[in-house]
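S.K.:
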Amino acid sequence: MLKKIKDIMSKKDKNQDKVEELDQDNASVMEEQNEGNEEKSSKKGKKSGKTAELEEMLEEKDQQISELKDKYLRLMAEFDNHKKRTIKEKLDMMKSAAQDTLSALLPVLDDFDRAKKNADDDNSTEQFSEGVSLVYNKLYSILNQRGLEPMETNGEVFDSELHEAITEIPAPSDEMKGKIIDTVEKGYILKEKIIRHAKVVVGK
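Take 1049 as the starting number for the sequence shown in the numbering used here and just add one per residue.
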């Protein structure tokens, strides 16, 4: 009987040892799982931190690209404006040069006009030869092609923006009051711009 009790107690001790071993194994497994979870959590935290850092870098790059694009568009606009301004200045210089040259030729045209007017007068002994007439017509034709046009003045209503009144004389009729009776010096227009006002006599 005593032997049986000892055997039972011995088995019980062995079972108790096994339970303790199992408990230790379970504790080790739990500890390993906890360490694994902590490691995963740490890795996840590191990964999350890297993602936030990358997103921040992308935002900075996007901002830099936006700033560079804005600067590029501004430079292109400034260059385009500079190009247009330069072209306009060149055109203005060309027009100004042409205006100066043609203005210098106007006294020559005046001399031609006076010579032709005298030659056309029946009481004049001066002649306007065929050769001079050809030169006269050719000169006017070339200047007309360059945009120079004489003003039509005689019989027109006086306009202070176009005409310069030298004097006033009694009008030969009521219809000619306020109108141009005679032109002393022709006015000229170059491409819709007045380069010389006509000097005229106005009826009153």
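Ideal Cβ placement from N, Cα and C applies to all residues, glycine included.
Tell me which residue opens and which closes the beta strand (DSSP E) that residue 1196 is part of.
M.R.: Position 148 of the sequence shown, counting from 1, holds the residue named residue 1196. Segment 1196-1198, the beta strand (DSSP E) holding residue 1196.
S.K.: Given this structure, state the Cα-to-Cα distance separating residue 1116 from residue 1141, to the nearest angstrom.
M.R.: Position 68 of the sequence shown holds residue 1116. Position 93 of the sequence shown holds residue 1141. One C-alpha to the other measures close to 37 Å.
S.K.: Quick one: give me the first and last residue of the beta strand (DSSP E) that residue 1179 is part of.
M.R.: Position 131 of the sequence shown, counted from the first residue, corresponds to residue 1179. Careful: residue 1179 lies outside any beta strand (DSSP E), inside the alpha helix (DSSP H) at 1178-1193.
S.K.: Quick check: the stretch 1186-1199 against the stretch 1225-1245, are there 3 or more CB pairs under 8 Å?
M.R.: Counting Cβ pairs under 8 Å, three or more are found: they touch.
S.K.: May I ask which residues mark the beginning and end of the beta strand (DSSP E) holding residue 1025?
M.R.: This structure gives no information on residue 1025, because the portion of the chain shown stretches from 1049 to 1252.
S.K.: If we call anything under 8 Å between Cβ atoms a contact, is residue 1312 one with residue 1230?
M.R.: Since the displayed the chain opens at 1049 and closes at 1252, residue 1312 lies outside it and no answer follows.
S.K.: With a cut-off of 8 Å on the beta carbons, I'd call residue 1226 and residue 1199 a contact; round off their distance for me.
M.R.: As a first step, residue 1226 must be located in the sequence shown, where it is residue number 178. As a first step, residue 1199 must be located in the sequence shown, where it is residue number 151. Their Cβ separation, rounded to whole angstroms, is 17 Å, which puts residue 1226 and residue 1199 out of contact at 8 Å.
S.K.: Among 1189, 1224, 1183, which one has its Cα closest to the Cα of residue 1202?
M.R.: Translated into positions along the sequence shown, residue 1202 becomes position 154. The shortest Cα separation from residue 1202 among 1189, 1224, 1183 belongs to 1224.
S.K.: Per DSSP, what are the beta-bridge partners of residue 1122 in this structure?
M.R.: Sequence index remark: in the sequence shown, residue 1122 carries index 74 (1-based). Beta-bridge partners of residue 1122 (DSSP): none assigned.
S.K.: Note down, in chain order, each residue of its chain lying with its Cβ closer than 6 Å to the Cβ of residue 1232, except the 5 sequence neighbours on either side.
M.R.: Residue numbering aside, residue 1232 sits at position 184 when the sequence shown is read from its first letter. Within the same chain, residue 1232 has close Cβ partners 1214, 1247.
S.K.: Taking the alpha-carbon of residue 1187 as reference, which of 1207, 1170, 1171, 1157 has the nearest alpha-carbon?
M.R.: Numbered from 1 along the sequence shown, position 139 holds the residue referred to as residue 1187. If we check each option's Cα against that of residue 1187, 1157 comes out closest.
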